[in-house]
Every structure is written in C-alpha cells, then in structure tokens.
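Residue numbers (the UniProt record's numbering): 1 to 335.
Every residue, glycine too, gets a C-beta built ideally from N, C-alpha and C.
Below is one structure; the comments refer to it alone.
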Amino acid sequence: MSNSLKPERKIKIQPALKLVKTRDLNRDQWLTVRKNGIGSSDAAAAVGLNPYKSQLELWLEKTGRDGNLPKTDPNDESSPMYWGILLEPFVAAQYTKRTGNKVRRINAVLQHPIEPWMLANIDREVTGAPDVQILECKTTGINGVKLWKEGVPEYVQLQVMHQLAVTGKQAADVAVLICGQELQVHRIDRDETMIKQLIELERQFWRFVELDQAPPADGSDSAELALRCLYPHDNGKTLDLSRDSEMSQTFSDLLAVRQVLADQNQLESQLKQKIQQRLGEATKALFETGEVTWKRSKEKTELDTDRLLKEQPDLLQRYGLTKPGSRRFLIHEST
Numbered sequence: 001m002s003n004s005l006k007p008e009r010k011i012k013i014q015p016a017l018k019l020v021k022t023r024d025l026n027r028d029q030w031l032t033v034r035k036n037g038i039g040s041s042d043a044a045a046a047v048g049l050n051p052y053k054s055q056l057e058l059w060l061e062k063t064g065r066d067g068n069l070p071k072t073d074p075n076d077e078s079s080p081m082y083w084g085i086l087l088e089p090f091v092a093a094q095y096t097k098r099t100g101n102k103v104r105r106i107n108a109v110l111q112h113p114i115e116p117w118m119l120a121n122i123d124r125e126v127t128g129a130p131d132v133q134i135l136e137c138k139t140t141g142i143n144g145v146k147l148w149k150e151g152v153p154e155y156v157q158l159q160v161m162h163q164l165a166v167t168g169k170q171a172a173d174v175a176v177l178i179c180g181q182e183l184q185v186h187r188i189d190r191d192e193t194m195i196k197q198l199i200e201l202e203r204q205f206w207r208f209v210e211l212d213q214a215p216p217a218d219g220s221d222s223a224e225l226a227l228r229c230l231y232p233h234d235n236g237k238t239l240d241l242s243r244d245s246e247m248s249q250t251f252s253d254l255l256a257v258r259q260v261l262a263d264q265n266q267l268e269s270q271l272k273q274k275i276q277q278r279l280g281e282a283t284k285a286l287f288e289t290g291e292v293t294w295k296r297s298k299e300k301t302e303l304d305t306d307r308l309l310k311e312q313p314d315l316l317q318r319y320g321l322t323k324p325g326s327r328r329f330l331i332h333e334s335t
C-alpha cells in the first residue's frame, strides 16, 4: 500500500541584504534612510498596534510631512530614548553575563531580500549560539513596567518578528532592564504564520505611502496630533456634506456617543456627590475595594494679570508673547 502523504514542503528563507552601512551616518542621515521603508521599530505602528504612535503619524514621517511634529531631543536626559541608548551596551553586556551568549553589533540597515520596503536595525547579533541569533535590548521605567507584567508587550513582539522576517533568523532574545535594577530575558521564536500576516498588513500600510494617501485616523492622541500637524490652518470654506450618507451617519454617531458620555458623566457626578455628602467634614473614607480622600488644597498666591495690565497697559507691549493659534473642533446640533 503506497503512502499518499507528501512530505511537508519547507519554506526557503533567504538572508537579509545590507542596504546601508551606519557606522559613518549621523542621526539625520540615518532617519532619512529609514523614510525609505518600514523599520522594525515602525512595525507595530504600521499595523495599528503601537500604543504610542498611530498609522497616521507614521505616514506623516514616511511621506516627509512630519516637519511640525514634536521631535525628541536625543540629548534630553529626561527622555526615555536618551536612557535607552545610553544603557543599551550595559544591557547587552549583562545579557552575555547572564546567558553566556556572545553578541556583536551589526552597523548596517538591513533589507528584506524580497520585500525591499522592509528594513531593520538590530541591536546585537548573537554569535555561536545554535538556538538564538538576535538580541533586542530594552529599558523601561516605572511608567512602562506594567506593560511587561505579562511578558513581552505586543508592540515589541511585532518589532522582533519583523526583525526575524527581514533577517531570516529563527529566534531572538529580548533583554529588558526594568527600573534600572532587574534584567529579564524573554525568548521569541520565529512564527511563519505571524510573519505572513505581519508582512501583508505592513504591505497595506506601505501602499498608503506609495499612493500618498493618508490612512484613516484611529481615535488615538497620536492621530489627533497628526491631524493638527497635517491641517494646522482652515481656509474659511464650507463643505456641504448633507448628501454624503457616510459622513452624515458618522456625525449622527458622534452626537449619539456624546449623549452617552454626557449621561455617564452626570451619573459619575451623582455617585461622587453621594459619597461626598456622606463624608461631610471627614478627610478619608475606606471601602471594601478602595478608598477616597476629600482634602482642602493649600492656598497659593497668583498674579492678577488682568488688574496689572489694566493699571500698567504698557507691560503688554514690552513683555507680550504671541502664541500661535490652534484649530478648535466645535459641534452645533440642528434644532
């Protein structure tokens, strides 16, 4: 009896191409190279799963419309990016001490052998280890530690899977320094199904870049910032969308959501006031699931600028500071 089962066909994986050597590039030149494709740190944003950056903000960067976006100063000591760059060598060294795996830098922007828009920078290459080939170094402080409670956050998993897709490697370790005193090491293995889905979703985003067409806003603070940077001024014209059924439905949905929020806010105030009334002059109340405080804030002295300018109007001319205006989104419901 012949065996009708065919052997499983293995996927042939090709190594990455070295697109640009980065050893002699300054930061601005490196950022320019990154505009030519989706890097590993862009992966989560490209597929709409980065908690800090929307597709729309990433699209502004890739299409060169990011001139008005706030820029992180790499020398700002209050910036997480500053400490992440500064501590990366120490995280890598501690990883080697912990695991015995040797690592080395790859001073190049890597490119997928088939999808030229897929780029990657990897922190370190792991050498001489049969089970892992890439090291991704991370640092997180008290504000980000909650994202690591269940292991590697989704947006970092996508970053690493993008690196595995570009390089053709089989596994990566993520070493994260938590609050400057705890090092965790997590293994991420190559997942062909996930890589296939990731490439397809990234390709959809890159199509927006190629067509110079903005992706839809997603309701995030990042998308709000991107819209204000993309359209900082109004032209005084009026758009009649009354016959646009899709936009008219969107407006109706917006009114309905605002009413739900108004009802919920009123209920919140009612519940809060019930507790305040029961507190009376007490400072704190304890409950089964938590506590509340109702304290009087300290008195403070402020400058009465209205009175000052009324009595000395010349001060406005001498010390006036003009602040740029911003567009306000106001809603007027038909009666």
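Where H186 sits in the DSSP three-state scheme: For the purposes of this step, residue 186 is taken as residue 186 along the sequence shown, with counting starting at 1. Strand.
Point to revise | Residue range of the unbroken alpha helix (DSSP H) whose run includes E268 | key: Taking the first residue of the sequence shown as 1, we reach residue 268 at position 268. Taken as a continuous stretch (DSSP letters only), the alpha helix (DSSP H) holding E268 covers 245-279.
- Please classify Q157: is it buried, with 16 or more other beta-carbons within 10 angstroms of its beta-carbon, or exposed? As a position in the sequence shown, residue 157 is number 157, starting the count at 1. So Q157 ends up on the buried side.
What do you get for T167, buried or exposed, if any count of 16 or more other CB atoms within 10 angstroms of its CB means buried? Your numbering for residue 167 matches position 167 in the sequence shown. So T167 counts as buried.
What residues match up with R104 in a beta bridge as DSSP calls it? Along the sequence shown, read from residue 1 onward, the residue named residue 104 stands at position 104. BP columns for R104 point to E125.
Exercise for review: May I ask which residues mark the beginning and end of the beta strand (DSSP E) holding E136?
Suggested key: Your numbering for residue 136 matches position 136 in the sequence shown. First-last of the beta strand (DSSP E) with E136: 134-140.
Q.
Quick check: the Cα distance between L119 and L201, rounded to an integer number of angstroms?
A. Translated into positions along the sequence shown, residue 119 becomes position 119. Translated into positions along the sequence shown, residue 201 becomes position 201. The straight-line gap from Cα to Cα measures roughly 15 Å.
Query raised in the report: How would you write the range of the beta strand (DSSP E) that E291 sits in, first residue to last?
Result: By one-based count along the sequence shown, residue 291 stands at place 291. Start and end: 290-293.
Item to check | Element boundaries [alpha helix (DSSP H), containing F329] | outcome: Reading the sequence shown from its first residue, position 329 is the one you call residue 329. That residue, F329, is in no alpha helix (DSSP H); it is neither H nor E in DSSP.
Review point. Between L69 and the rest of its own chain, which residues show a CB-CB distance below 6 Å, the 5 nearest in sequence each way excluded?
Key: For the purposes of this step, residue 69 is identified with residue 69 of the sequence shown, where counting begins at 1. Closer than 6 Å at Cβ, skipping near neighbours: C229.
Note to self: Going by DSSP in three states, Q213 sits in which element: helix, strand or coil?
What the structure shows: What you label residue 213 is simply residue 213 of the sequence shown in a count that begins at 1. Q213: coil per DSSP, three-state reduction.
Taking only three categories from DSSP, how would you classify E197?
Residue 197 sits at position 197 when you count from the first residue of the sequence shown. It is worth fixing the name first, because residue 197 is Gln in this sequence and not Glu. Of the three classes helix, strand and coil, the one that applies to Q197 here is helix, per DSSP.
The alpha helix (DSSP H) with I85 in it runs from where to where? On the sequence shown, residue 85 is found 85 positions in, with the first residue counted as 1. Taken as a continuous stretch (DSSP letters only), the alpha helix (DSSP H) holding I85 covers 80-99.
- request: For L315, name the three-state secondary structure that DSSP assigns.
  value: Residue 315 sits at position 315 when you count from the first residue of the sequence shown. Correct three-state label for L315: helix.
(message) So E61 and K35 are supposed to be a Cβ contact under 8 Å. How far apart are they, rounded?
(response) Position 61 of the sequence shown, counted from the first residue, corresponds to residue 61. Position 35 of the sequence shown, counted from the first residue, corresponds to residue 35. Confirmed, about 7 Å.
Closest residue to G100 among D131, I188, L87, G151 (Cα-Cα distance): Taking the sequence shown and counting its residues from 1, the one referred to as residue 100 is at position 100. That would be D131, whose Cα lies nearest to the Cα of G100.
task = Let me know if K138 comes out buried or exposed under the rule of 16 or more other beta-carbons within 10 Å of its beta-carbon.
result = Reading the sequence shown from its first residue, position 138 is the one you call residue 138. Buried.
Would A16 and P113 be called neighbours here (beta carbons separated by less than 9 Å)?
As a first step, residue 16 must be located in the sequence shown, where it is residue number 16. As a first step, residue 113 must be located in the sequence shown, where it is residue number 113. Contact: yes.
On the criterion of 16 or more Cβ atoms from any shown chain inside 10 Å, does A175 qualify as buried, or is it exposed?
Residue 175 sits at position 175 when you count from the first residue of the sequence shown. It is buried - the Cβ of A175 has at least 16 other Cβ atoms within 10 Å.
- Task: Report the rounded CA-to-CA distance for Y155 versus S41, giving the unit in angstroms.
- Result: As a working mapping, residue 155 is identified with position 155 in the sequence shown. As a working mapping, residue 41 is identified with position 41 in the sequence shown. Cα to Cα, the separation comes out at about 9 Å.
Pick from I134, L110, P116, S79 that is closest to E103, judged by C-alpha positions
Stepping through the sequence shown from its first residue, residue 103 is reached at position 103. Reading the sequence as shown, one finds Val at residue 103 and not Glu. When each option's Cα is compared against that of V103, the closest is I134.
Q. Anyone know if the C-beta pair for H233 and R124 falls short of 9 Å?
A. Position 233 of the sequence shown, counted from the start, is the residue given in the question as residue 233. Position 124 of the sequence shown, counted from the start, is the residue given in the question as residue 124. No; because the gap between Cβ atoms is not below 9 Å, this pair is not in contact.
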